[in-house]
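Protein chains in written order, with this note's numbering: chain R, 1 to 218; chain Z, 219 to 516. Beta carbons: idealized from backbone N, C-alpha and C, even for Gly. First comes the structure, then the notes that go with it.
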Amino acid sequence: MRVTVTNLTFGYDYRTVLKDISFKLNSGDFLAIVGNNGSGKSTLIKCILGINKIPPKRIMLDDIDITEFKNFKNIGYVPQKFDDFNYEFPITVNEILQASRFNKITEDKKLELLDKIGILELQNENINELSGGEMQRVFIVRSLMNNPKLLILDEPTAGVDKKSVEGFYKTVNELNKEGITIMLITHNFNESQANYTHILSIHNGEGIIKEVNRGDEQ
Amino acid sequence: MILASSEPFVFALFEYSFLRYALLTGIIMGFITPLIGSFVVIRRLSFIADTLSHFSLAGLSIGLFLINIIGFTFISDPLYLAMIFSVIGALFIEILRGYYQNYKEISMPIVMSLGTALSALFISLSGGFNSSIYNYLFGSILTVGNDYLLIITITSVIVIALIIIYYKEMVIISFDETYARLLGIKIKRFQLVSTLILGMVVSLSIATVGVLLVSSLMIIPVAAAMKVGKSFKNTVGIAILFSEVSVIGGLWLSYELDIASGATIVLINLLILVIVGVIKKFFIRKRVRNIQTDIVEL
Numbered sequence: 001m002r003v004t005v006t007n008l009t010f011g012y013d014y015r016t017v018l019k020d021i022s023f024k025l026n027s028g029d030f031l032a033i034v035g036n037n038g039s040g041k042s043t044l045i046k047c048i049l050g051i052n053k054i055p056p057k058r059i060m061l062d063d064i065d066i067t068e069f070k071n072f073k074n075i076g077y078v079p080q081k082f083d084d085f086n087y088e089f090p091i092t093v094n095e096i097l098q099a100s101r102f103n104k105i106t107e108d109k110k111l112e113l114l115d116k117i118g119i120l121e122l123q124n125e126n127i128n129e130l131s132g133g134e135m136q137r138v139f140i141v142r143s144l145m146n147n148p149k150l151l152i153l154d155e156p157t158a159g160v161d162k163k164s165v166e167g168f169y170k171t172v173n174e175l176n177k178e179g180i181t182i183m184l185i186t187h188n189f190n191e192s193q194a195n196y197t198h199i200l201s202i203h204n205g206e207g208i209i210k211e212v213n214r215g216d217e218q
Numbered sequence: 219m220i221l222a223s224s225e226p227f228v229f230a231l232f233e234y235s236f237l238r239y240a241l242l243t244g245i246i247m248g249f250i251t252p253l254i255g256s257f258v259v260i261r262r263l264s265f266i267a268d269t270l271s272h273f274s275l276a277g278l279s280i281g282l283f284l285i286n287i288i289g290f291t292f293i294s295d296p297l298y299l300a301m302i303f304s305v306i307g308a309l310f311i312e313i314l315r316g317y318y319q320n321y322k323e324i325s326m327p328i329v330m331s332l333g334t335a336l337s338a339l340f341i342s343l344s345g346g347f348n349s350s351i352y353n354y355l356f357g358s359i360l361t362v363g364n365d366y367l368l369i370i371t372i373t374s375v376i377v378i379a380l381i382i383i384y385y386k387e388m389v390i391i392s393f394d395e396t397y398a399r400l401l402g403i404k405i406k407r408f409q410l411v412s413t414l415i416l417g418m419v420v421s422l423s424i425a426t427v428g429v430l431l432v433s434s435l436m437i438i439p440v441a442a443a444m445k446v447g448k449s450f451k452n453t454v455g456i457a458i459l460f461s462e463v464s465v466i467g468g469l470w471l472s473y474e475l476d477i478a479s480g481a482t483i484v485l486i487n488l489l490i491l492v493i494v495g496v497i498k499k500f501f502i503r504k505r506v507r508n509i510q511t512d513i514v515e516l
């Protein structure tokens, strides 16, 4: 999916959070978004997901203005925290994934994703019996259930063990090679093994975009 | 609803059609209320059933006033007005939830207060408490006719069909509203329809357990099933099983002991909740003890 952000300025009440952000991603690009806490990274993501309402002609997804964009099922999203999820009622990993599957990826593809992320054996487990890291991985698989063309990950490996982090980046790089555009908010920029094509540094709401060659040392 | 029990419940079933209607109504409501109740519990809206049942009591009171005092004949049964009021109450709740975006739960005490105040007003105007009001407060399943049974059946079929068609959307909205919004699911539309359906089911449950105990029929079997359920579908299935046991057992006890069906059904429900809680606690303790023993042995 192509993502074009043009002179995006956004704020809450009288506080400006994002100032004149612009960048352009083509299908298959991989953007890392870095910045301190409160710099505006998550606010930018919320604008692209259509949660924060913005004026027309600021964000285009596949050349469709975000204010008119309907097909959000084509965007996979893994939030930083899962406070909104009701854990206490019994539901298995498989039931969550089935309910989130609208674009009908095959059962084999689902099992393959579970295997790659390292939670194949957890598919019939109750979600409220999983550890924080295991739960994080379930939501990563959930974000891939609808064959997304754009995958947005907000610090997805926080609390996930090292081995699973490796498995996660391997999968993300593979998905990226298949042509999925990836946007990744990360704090462990130096540790990650992702094949970025662009880096957006946000500081006090102002963004600087830099293009990098794949395979370069980050 | 009190009936002198001269012969056993099973034999009386063959003899009296009203008993068969009561049993059928109970079985249908025993199925549908925990089904809806599961989604209500997940969304932490247990109080909404209580609110709607109190609002429908206003409809019942106005109905009784119109029939008994004014002499209106176009309403044959005040339960129909209870249904209309339950739906109106559901609409009020949704309007107020939109008005108080950050304090959505405020809508419920406001609607409940209005319902209770209107009930008190029209019960007073009707000459105070009488046996009809008592039956509606605590359940009068033996007075259910076949027209009411037909409404319950049609509503239940519609509710089950909607749940089957929109199962994925309902599960996602209930468990993770933010994610549902990201998937482009029309949350407000779903919320309105589900609150209206809830209003219908609440008002239809009044005959089975009465206004004061409707939320128990909807919530307690789910609360018990949550303790032992292994998955979502499994938990809903267990909740329906618990609910049916309490409804059928409660009806039988109600007939044999000449007491309100609402009391017997809800008390059996509570008994199941306690038994499940005790078994679960004992089982978990035993398992934890075994694990600890294993660790010590290692």
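**Message:** Going by DSSP, what residue range makes up the alpha helix (DSSP H) through GLU462 (chain Z)?
**Reply:** 450–475
**Prompt:** Apart from the five residues on each side of it in sequence, which residues of its chain come closer than 7 Å, Cβ to Cβ, to LEU488 (chain Z)?
**Reply:** ILE438
**Message:** For the alpha helix (DSSP H) containing MET60 (chain R), name the first residue and the last one.
**Reply:** Note, MET60 (chain R): premise wrong, no alpha helix (DSSP H); beta strand (DSSP E) at 59–61.
**Item:** Spatial distance of ARG261 (chain Z) from GLU395 (chain Z) (CA atoms)
**Value:** 9 Å
**Asked** Taking buried to mean at least 16 other C-beta atoms within 10 Å of its own C-beta, is SER331 (chain Z) buried or exposed?
**Response** exposed
**Prompt:** Does GLY447 (chain Z) come within less than 9 Å of chain R when only Cβ atoms are used?
**Reply:** yes
**Request:** Tell me whether ALA441 (chain Z) is buried or exposed, calling it buried when 16 or more other Cβ atoms sit within 10 Å of its Cβ.
**Result:** buried
**Prompt:** Exposed or buried, what is ASN517 (chain Z) when buried is set at 16 or more other beta-carbons lying within 10 Å of its beta-carbon?
**Reply:** As displayed, chain Z neither begins before 219 nor continues past 516, which places residue 517 (chain Z) out of reach and without an answer.
**Request:** Express the C-alpha separation of ALA240 (chain Z) and TYR298 (chain Z) in angstroms, rounding to a whole number.
**Result:** 17 Å
**Asked** What's the gap between the Cα of PHE168 (chain R) and the Cα of VAL141 (chain R)?
**Response** 10 Å
**Prompt:** Does the separation of the CB atoms of SER464 (chain Z) and ILE490 (chain Z) fall below 9 Å?
**Reply:** yes
**Coarse secondary structure for ASP65 (chain R), derived from DSSP in three states** = strand
**Message:** Would you say the beta carbon of VAL446 (chain Z) is closer than 8 Å to some non-hydrogen atom of the ligand NAP?
**Reply:** Ligands are entirely absent from the displayed structure, and the ligand NAP is therefore not among its contents.
**Asked** Given LEU18 (chain R), which residues of its chain have a CB within under 7 Å of its CB, disregarding the five upstream and five downstream residues?
**Response** LEU8, THR9, PHE10, GLY40, THR43, LEU44, GLY205
**Request:** For PHE273 (chain Z), count neighbouring C-beta atoms within 10 Å of its own C-beta (all shown protein chains included) and say buried if the count is 16 or more, exposed if not.
**Result:** buried
**Prompt:** For the beta strand (DSSP E) that contains PHE30 (chain R), what are its first and last residues?
**Reply:** 30–34
**Message:** For ILE280 (chain Z) and PHE340 (chain Z), which I take to be in contact (beta-carbon distance under 8 Å), what is that distance rounded to the nearest angstrom?
**Reply:** 5 Å
**Prompt:** How many Å lie between ASP295 (chain Z) and LYS386 (chain Z) at the Cα?
**Reply:** 38 Å
**Request:** With a threshold of 16 other CB atoms inside 10 Å of the CB of GLU129 (chain R), please say whether the residue is buried or exposed.
**Result:** exposed
**Asked** From ILE254 (chain Z) to LEU401 (chain Z), what does the alpha carbon distance come to, in whole angstroms?
**Response** 23 Å
**Prompt:** Relative to the alpha-carbon of LYS46 (chain R), which residue among R:TYR77, R:GLU68, R:ASN71 has its alpha-carbon at the smallest distance?
**Reply:** R:TYR77
**Prompt:** chain Z partners of PHE102 (chain R), CB-CB under 8 Å?
**Reply:** LYS386, LEU401
**Message:** Quick test of your reading: ILE390 (chain Z) and ILE403 (chain Z), contact by CB under 8 Å. State the CB separation rounded to the nearest angstrom.
**Reply:** 7 Å
**Request:** Note down, one range per segment and in chain order, each alpha helix (DSSP H) of at least 4 residues found wholly within the region 154–208 of chain R.
**Result:** 162–177
**Asked** So, SER350 (chain Z) versus LEU430 (chain Z), is the Cβ gap smaller than 9 Å?
**Response** no
**Asked** Can you give the Cα-Cα distance for GLN136 (chain R) and VAL93 (chain R), rounded to whole angstroms?
**Response** 11 Å
**Request:** Keeping to the same chain, check which residues put their C-beta closer than 7 Å to that of ILE199 (chain R); ignore five residues upstream and five downstream.
**Result:** ALA32, VAL34, LYS210, VAL212
**Message:** Counting beta carbon pairs with one atom in the region 81–96 of chain R and one in the region 50–57 of chain R, are three or more of them shorter than 8 Å?
**Reply:** no
**Prompt:** What is the rounded straight-line gap between the Cα of SER472 (chain Z) and the Cα of ILE370 (chain Z)?
**Reply:** 21 Å
**Message:** Which of the three DSSP states is assigned to VAL427 (chain Z) in this structure?
**Reply:** helix
**Message:** Buried or exposed, going by whether 16 or more other CB atoms sit within 10 Å of the CB of PRO79 (chain R)?
**Reply:** buried
**Helix, strand or coil at GLU211 (chain R) according to DSSP, with G and I counted as helix** = strand
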